[in-house]
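Take a look at the structure below.
Number of protein chains: 2
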Amino acid sequence: MTKADSNVDRIYEKLRKMAAYFEFKPDARINESALSTELGASRTPLREALNRLVAEGFLTFQSGRGFFCRPLSPKLILDLYEARVAIETEIVRLVCRRASDEELQDLMEFLKSTEPDYDSCEDPMELLSMDEAYHMRIAALSQSNELVRILENLNDRVRYIRLVDLKYLRGKTPVSTQEEAQLSAHRVVLTALINRDEDKAVSTMRHHIERRRDEATEAVRIAYSQLYVPAD
Amino acid sequence: MTKADSNVDRIYEKLRKMAAYFEFKPDARINESALSTELGASRTPLREALNRLVAEGFLTFQSGRGFFCRPLSPKLILDLYEARVAIETEIVRLVCRRASDEELQDLMEFLKSTEPDYDSCEDPMELLSMDEAYHMRIAALSQSNELVRILENLNDRVRYIRLVDLKYLRGKTPVSTQEEAQLSAHRVVLTALINRDEDKAVSTMRHHIERRRDEATEAVRIAYSQLYVPAD
DNA sequence: GCACTCAAAATTGTATACAGCACCATATTC
DNA sequence: GAATATGGTGCTGTATACAATTTTGAGTGC
Numbered sequence: 001m002t003k004a005d006s007n008v009d010r011i012y013e014k015l016r017k018m019a020a021y022f023e024f025k026p027d028a029r030i031n032e033s034a035l036s037t038e039l040g041a042s043r044t045p046l047r048e049a050l051n052r053l054v055a056e057g058f059l060t061f062q063s064g065r066g067f068f069c070r071p072l073s074p075k076l077i078l079d080l081y082e083a084r085v086a087i088e089t090e091i092v093r094l095v096c097r098r099a100s101d102e103e104l105q106d107l108m109e110f111l112k113s114t115e116p117d118y119d120s121c122e123d124p125m126e127l128l129s130m131d132e133a134y135h136m137r138i139a140a141l142s143q144s145n146e147l148v149r150i151l152e153n154l155n156d157r158v159r160y161i162r163l164v165d166l167k168y169l170r171g172k173t174p175v176s177t178q179e180e181a182q183l184s185a186h187r188v189v190l191t192a193l194i195n196r197d198e199d200k201a202v203s204t205m206r207h208h209i210e211r212r213r214d215e216a217t218e219a220v221r222i223a224y225s226q227l228y229v230p231a232d
Numbered sequence: 001m002t003k004a005d006s007n008v009d010r011i012y013e014k015l016r017k018m019a020a021y022f023e024f025k026p027d028a029r030i031n032e033s034a035l036s037t038e039l040g041a042s043r044t045p046l047r048e049a050l051n052r053l054v055a056e057g058f059l060t061f062q063s064g065r066g067f068f069c070r071p072l073s074p075k076l077i078l079d080l081y082e083a084r085v086a087i088e089t090e091i092v093r094l095v096c097r098r099a100s101d102e103e104l105q106d107l108m109e110f111l112k113s114t115e116p117d118y119d120s121c122e123d124p125m126e127l128l129s130m131d132e133a134y135h136m137r138i139a140a141l142s143q144s145n146e147l148v149r150i151l152e153n154l155n156d157r158v159r160y161i162r163l164v165d166l167k168y169l170r171g172k173t174p175v176s177t178q179e180e181a182q183l184s185a186h187r188v189v190l191t192a193l194i195n196r197d198e199d200k201a202v203s204t205m206r207h208h209i210e211r212r213r214d215e216a217t218e219a220v221r222i223a224y225s226q227l228y229v230p231a232d
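Residue numbers (our numbering), protein chains in the order written: chain V, 1 to 232; chain A, 1 to 232.
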């Protein structure tokens, strides 16, 4: 049996998801004993996983008091969006210089093939997954593992808010309209890349993300109301 | 007797430095028992610190085989420099929009006051510290904690190579010339910021870092020769 | 009602024990 | 001699125990 996934890894992945979706409430203290029995492991591997998550910015740690969920505030989310802009604009720049015509054409095929899914999809979670998958495919073409790595971390930490945004803010406009705007931004960036128009690709990507960033404050407000409201 | 800094934090800081300067050789396996006695602690807190460093990219981990030092290759260093470009150009962009005239003037004072130190300084380590301090002061003006955080991590991971670069590559040109080039780049960026010339500030910063990036392959070669040569 | 004290309970921090896997050297077979 | 078994050694993975610390809460005085 290939224990490629060790127990710590299993716990880590699980906790990472829980933290990403704020199953720990912002700033809430994490009880190690309770969590360890819940996860069916002892405190030793649990704490190892928790320490990794601290280093990744999902949790905080206070000596003598233990682990806490990261806080949630508009400022923190704004910072994450800004970091995304930094990373994704540079990614687009690198892709424009490094990706082959063929790779870009493949990506265009991928984009076209998923368009029907975007239109038909009603589940915000799935919609977000598709969007992230597309952004990560572009990222891969940058040939920079470090940028990919940072982007993955940022995406995970901002995902819950993006989900709220998608569900409660953009839900106001008709579905067909919002997804089309999204899709069109994707298409515009990719077309610019194919034409090797770096400036256009970069600035389109920048505005694509910044538009969402500007909704962050409102999204955080809604997120709080969701987190502290009894489940339906 | 838990101090404000817990034992794990102490171990963590120590290991972080050791990893930054490749006191663990690239890809070398880390013996937990030996290291724990060396640090005067048991394996439990040691492993917690090691897990944090894995999450930060200083170490790697293989299930069942333990912890290893991160590898060192030109590609990895290039990636780090590229990530630095991404972060620092966005930082400059934000600073240009957000920093007050007063803050920028203060920074100019700081720059001027350290110029004599740059000229007189013979120690590459100190030179690098001053350079990093300056870059971090700019970063702070961006008001983005996330970008600051990412930049700190990147700086720590690339520091050893920058040191080698400074010591063995740029040592070839006369000291006065190289430090002046460095200083002048700093001054050009800052002047552009004061004039609110975003494009100039961003592109100068970009080239300032990219120039070093282009030396990375050679620097890594030298780094290897230094790491595996008996100490002087 | 409010602040303060102090002991009990809960929780974290770390050492240690031990099971099991990985690695290495030696032996064995062809 | 090369390739493959095999046993020993050392290391990692995790549970558990216990000390140290923080938190809680009841009781007391004002």
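All residues carry an ideal CB built from backbone N, CA and C; glycine is no exception.
Query: Kindly indicate which residue of V:Leu154, V:Met130, V:Thr44, V:Cys96 has the alpha-carbon position closest to the one of Phe110 (chain V).; Result: V:Met130
Query: If you compare alpha carbons, which of A:Glu82, A:Gly66, A:Ala139, A:Met125 is closest to Arg97 (chain A)?; Result: A:Ala139
Query: Any contact of the stretch 197–211 of chain V with the stretch 84–99 of chain V, i.e. 3+ C-beta pairs under 8 angstroms?; Result: yes
Query: Can you find a C-beta in chain A that's less than 9 angstroms from the C-beta of Thr217 (chain V)?; Result: no
Query: Anything in chain A within Cβ reach of Glu132 (chain V), meaning under 7 angstroms, just list it in chain order.; Result: Near Glu132 (chain V) there are no residues of chain A at all, since even the closest Cβ is about 18 angstroms away, more than 7 angstroms.
Query: Across the stretch 46–53 of chain V and the stretch 144–151 of chain V, are there enough close Cβ pairs to call them in contact, namely three or more that are closer than 8 angstroms?; Result: no
Query: Whose Cβ in chain V lies nearer than 8 angstroms to the Cβ of Ser42 (chain A)?; Result: The contacting residues do not exist; Ser42 (chain A) stays about 11 angstroms from chain V at best.
Query: For Met1 (chain V), which of helix, strand or coil comes out of DSSP?; Result: Because Met1 (chain V) sits at a pLDDT of 31, beneath the cut-off of 50, its placement in the model cannot be relied upon, and the following sentence gives the value as read from the coordinates. Note: Met1 (chain V) maps to coil in three-state DSSP.
Query: Over what stretch of residues does the alpha helix (DSSP H) that includes Cys96 (chain V) continue unbroken?; Result: 74–98
Query: For Ile150 (chain V), decide whether its Cβ has a neighbour in chain A, counting only Cβ atoms nearer than 9 angstroms.; Result: yes
Query: For Ala201 (chain A), count the other beta carbons within 10 Å of its own beta carbon; 16 or more makes it buried, fewer makes it exposed. Which is it?; Result: buried
Query: Which residue wins for smallest C-alpha separation from Gln143 (chain V), given the options A:Met108, A:Glu132, A:Leu78?; Result: A:Leu78
Query: Is the stretch 5–19 of chain V in contact with the stretch 32–42 of chain V, if contact means three or more CB pairs nearer than 8 angstroms?; Result: yes
Query: I'd like the list of long-range same chain contacts for Ala34 (chain V), defined as Cβ closer than 7 angstroms, with 5 residues on each side in sequence excluded.; Result: none
Query: What does Glu90 (chain A) touch in chain V if you count any residue whose Cβ is under 9 angstroms from its own?; Result: Glu82, Ala83, Val85, Ala86, Ile87, Thr89, Glu90
Query: Between Ala139 (chain V) and chain A, is the shortest Cβ-Cβ distance under 9 angstroms, so that the two count as touching?; Result: no
Query: Is there at least one Cβ from chain V nearer than 9 angstroms to Glu56 (chain A)'s Cβ?; Result: yes
Query: DSSP on Arg29 (chain V), reduced to helix/strand/coil?; Result: strand
Query: Would you call the stretch 64–79 of chain A in contact with the stretch 12–27 of chain A, where contact means no fewer than 3 C-beta pairs closer than 8 angstroms?; Result: yes
Query: Find the nearest neighbour of Arg211 (chain V) within the set V:Arg65, V:Ala185, V:Met108, V:Glu32, judged by alpha-carbon distance.; Result: V:Ala185
Query: Does the beta-carbon distance from Val92 (chain A) to Val188 (chain A) come in below 9 angstroms?; Result: no
Query: Taking DSSP as the reference, what is the three-state secondary structure of Phe22 (chain V)?; Result: coil
Query: Please confirm if Asn51 (chain A) has its CB atom under 9 angstroms from at least one CB of chain V.; Result: yes
Query: Below 9 angstroms on C-beta distance, what does Asn145 (chain A) contact in chain V?; Result: Lys75, Leu76, Asp79
Query: Tell me whether the beta-carbon of Glu146 (chain A) lies closer than 9 angstroms to the beta-carbon of Glu82 (chain V).; Result: yes
Query: Which same chain residues, not among the five before or five after Thr114 (chain A), have their C-beta less than 7 angstroms away from its C-beta?; Result: Met130
Query: Select from A:Arg137, A:Ser73, A:Leu76, A:Leu128 the residue whose C-alpha is nearest the C-alpha of Leu104 (chain A).; Result: A:Arg137
Query: Kindly indicate which residue of V:Leu59, V:Val158, V:Met108, V:Ile30 has the alpha-carbon position closest to the one of Glu215 (chain V).; Result: V:Val158
Query: Along the chain, where does the beta strand (DSSP E) that runs through Leu166 (chain V) open and close?; Result: Note, Leu166 (chain V): premise wrong, no beta strand (DSSP E); not H, not E.
Query: Around the C-beta of Lys3 (chain V), are 16 or more other C-beta atoms found within 10 angstroms, so that it is buried, or is it exposed?; Result: The pLDDT assigned to Lys3 (chain V) is 41, lower than 50, so where the model puts this residue is not dependable; a value taken from the coordinates is nonetheless given after this. By the 10 Å Cβ count, Lys3 (chain V) comes out exposed.
Query: Whole angstroms are fine: how far does the CA of Leu227 (chain A) sit from the CA of Ile30 (chain V)?; Result: 42 angstroms
Query: Could you compute how far the alpha carbon of Ile161 (chain V) sits from the alpha carbon of Val220 (chain V)?; Result: 7 angstroms
Query: So for Phe58 (chain A), helix, strand or coil by DSSP?; Result: coil
Query: Using CA atoms only, rank isn't needed, just tell me which of V:Leu193, V:Ala55, V:Val164, V:Ile194 is closest to Ile222 (chain V).; Result: V:Val164
Query: Closer than 9 angstroms, CB to CB, is Asp94 (chain A) near chain V or not?; Result: This sequence places Leu at residue 94 (chain A); Asp is not what is there. For Leu94 (chain A), the answer is yes, since a Cβ of chain V falls inside 9 angstroms of its Cβ.
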